Amino acid sequence: MGVAIALIAALVLLWFALPREPVVTDVSFDMSKLAEGVAPYLEASEARIHDITPGTEKRVLWAGLPEAPTPWAVVYIHGFSATSEELRPLPDLVAEGLGANLVFTRLQGHGRLGVDLAKTSVEGWMDNMAEALAIAHQVGQRVLVISCSTGGTLTALALAEQMGQGVAGAVFVSPNFQVRARGARVLTWPGARLWLRHIAGRERSWQPQSPEQARFWTFRYPVEAVLTMAAAVRAAFALDYSRMRTPALFIFDPKDQTVNHARTAQVAEQWGARAEVFKVAVGPQDDPGHHVIAGDIMSPGMTQPLADKVLSWAKTL
Numbered sequence: 001m002g003v004a005i006a007l008i009a010a011l012v013l014l015w016f017a018l019p020r021e022p023v024v025t026d027v028s029f030d031m032s033k034l035a036e037g038v039a040p041y042l043e044a045s046e047a048r049i050h051d052i053t054p055g056t057e058k059r060v061l062w063a064g065l066p067e068a069p070t071p072w073a074v075v076y077i078h079g080f081s082a083t084s085e086e087l088r089p090l091p092d093l094v095a096e097g098l099g100a101n102l103v104f105t106r107l108q109g110h111g112r113l114g115v116d117l118a119k120t121s122v123e124g125w126m127d128n129m130a131e132a133l134a135i136a137h138q139v140g141q142r143v144l145v146i147s148c149s150t151g152g153t154l155t156a157l158a159l160a161e162q163m164g165q166g167v168a169g170a171v172f173v174s175p176n177f178q179v180r181a182r183g184a185r186v187l188t189w190p191g192a193r194l195w196l197r198h199i200a201g202r203e204r205s206w207q208p209q210s211p212e213q214a215r216f217w218t219f220r221y222p223v224e225a226v227l228t229m230a231a232a233v234r235a236a237f238a239l240d241y242s243r244m245r246t247p248a249l250f251i252f253d254p255k256d257q258t259v260n261h262a263r264t265a266q267v268a269e270q271w272g273a274r275a276e277v278f279k280v281a282v283g284p285q286d287d288p289g290h291h292v293i294a295g296d297i298m299s300p301g302m303t304q305p306l307a308d309k310v311l312s313w314a315k316t317l
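For the sequence shown, my numbering assigns the number 317 to the last residue and increments by one with no breaks.
Here it is in structure tokens:
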């Protein structure tokens, strides 16, 4: 009995003593960095990193003259292990329909080697969010955010902070408010960075479905990379969504094999501003995992219908 009590006491002590992944969401962006222009700033920033996959850099696609603001700016926030190419050309079609400048971010650690994906933090991703939103406000009079998967997690966190003020609308495509995989909860347990690889292996990998997916997704990375994602999801789970003031459109396939959209439905129901849920069913030529539900790479048959839906919704804002 004494040994059992001592063991329980030790486990309780470890639970409170071991660190969790740090979560910092209240960050800001210094607008003075854009004094020489958005494009020069982004080009200089990305040039410091020498292994970015070409075509995934942070950038703005200008609707007209470079640096000229448009009535709308669309900003796209990609998901975990993905890049700006994830849903394209869906964001492009929406931006074209609104006559908007289109802002692409690149989340910390993404569009690079797998090892870089394990060197991320929630704060680093929120820095990217603050930067992308600041740029969007610089290049557009109104801002529409389109996100996918964990990009939606980060968008929700951003909308709960000062950086999210003034966003006219948010579109959540397959948002990651709860991972479907059994056992995902352990990823947020104390000390996970110390013990995870001992129970889950050193590396996580999956088989790309095409050369394009292999190019624009990171499909092999240290298992610790998932901890930042899990920490962001945990933080988003704790948000008071009744305080949200940005209209939102939630788009998902209920058969999604990656995230649990029962939680998405709860978030939409609790949302404090106007919210609409739009459920879809992907076709036989689209993502068999029912998660990346638009884009030429994964779900080409869904791109135009979803772009039309997003555009018609945005025009009501």
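Glycine included, C-beta positions come from ideal geometry on N, C-alpha and C. Computed from a predicted model, the values in this text were never measured in an experiment.
- Per DSSP, reduced to three states, the secondary structure at Glu161 is coil, with no helix or strand assignment.
- Taking 9 Å as the cut-off, the Cβ atoms of Ala160 and Val143 do not count as close.
- Contact check between the stretch 182-189 and the stretch 149-159: fewer than three CB pairs, one atom from each, fall below 8 Å, which does not count as touching.
- Assignment of Leu239 by DSSP, reduced to helix, strand and coil, places it in the coil class.
- Contact between Ser174 and Ser205 is absent: CB atoms are separated by about 21 Å, not below the 8 Å threshold.
- Setting aside the 5 residues that flank it on each side, Glu85 is surrounded in the same chain by Gly55, Thr56, Phe216 and Ile297, each with a C-beta closer than 7 Å to its C-beta; the list follows chain order.
- In the three-state DSSP reduction, Ala275 falls in the strand class (E or B).
- Sequence-distant Cβ neighbours of Arg243 in its own chain, meaning closer than 8 Å and more than five residues away, are Ala160 and Gly272.
- Contact check for Gly289 and Thr258: beta-carbon distance about 6 Å, within the 8 Å limit, so the pair qualifies.
- The stretch 91-108 makes contact with the stretch 130-141: 3 or more CB pairs, one atom from each, lie closer than 8 Å.
- By alpha-carbon distance to Val60, the top candidate from Ala294, Ala73 and Arg20 is Ala73.
- In this structure, Val223 sits away from Val179, with a CB-CB distance that is not shorter than 9 Å.
- As the crow flies, the alpha-carbon of Gln304 is around 35 Å from that of Met31.
- Judged by pairs of C-beta atoms under 8 Å, the stretch 25-41 does not touch the stretch 78-95, as fewer than three such pairs exist.
- Contact annotation, Glu123 with Val27: C-beta distance approximately 6 Å; criterion of less than 8 Å satisfied.
- Per DSSP, the beta-bridge partners of Trp72 are Arg142.
- Between the beta-carbon of Leu90 and that of Gly283 there is about 15 Å, and that puts the pair past the 8 Å contact cut.
- Each residue's CA atom was taken as its position, placing Ile199 and Arg20 some 17 Å apart.
- For Glu212, the CB contacts under 6 Å within the same chain, skipping 5 residues up- and downstream, are Ile297 in chain order.
- Counting along the chain, the unbroken alpha helix (DSSP H) around Ala265 starts and ends at His261 to Gln270.
- A Cβ-Cβ separation of about 4 Å places Leu311 in contact with Gly97 under the 8 Å criterion.
- Put simply, of Asn128, Thr53, Ile251 and Val139 the residue whose alpha carbon is nearest the alpha carbon of Pro66 is Val139.
- In this structure, Phe252 and Phe177 do not form a Cβ contact; the two beta carbons are roughly 10 Å apart against a cut-off of 8 Å.
- Residue environment: Lys58 is assigned as buried (16 or more neighbouring CB atoms within 10 Å of its CB, all protein chains considered).
- For Ala248, DSSP records a beta bridge to Ala170 and Ala275.
- Rounded to whole angstroms, the separation of the alpha carbons of Pro254 and Ser147 is 17 Å.
- In the three-state scheme derived from DSSP, where H, G and I count as helix and E and B as strand, Phe216 is classed as helix.
- Val115 is classed as exposed because its beta carbon has fewer than 16 other beta carbons within 10 Å across all chains shown.
- In this structure, DSSP gives Leu227 a helical state, which the three-state scheme calls helix.
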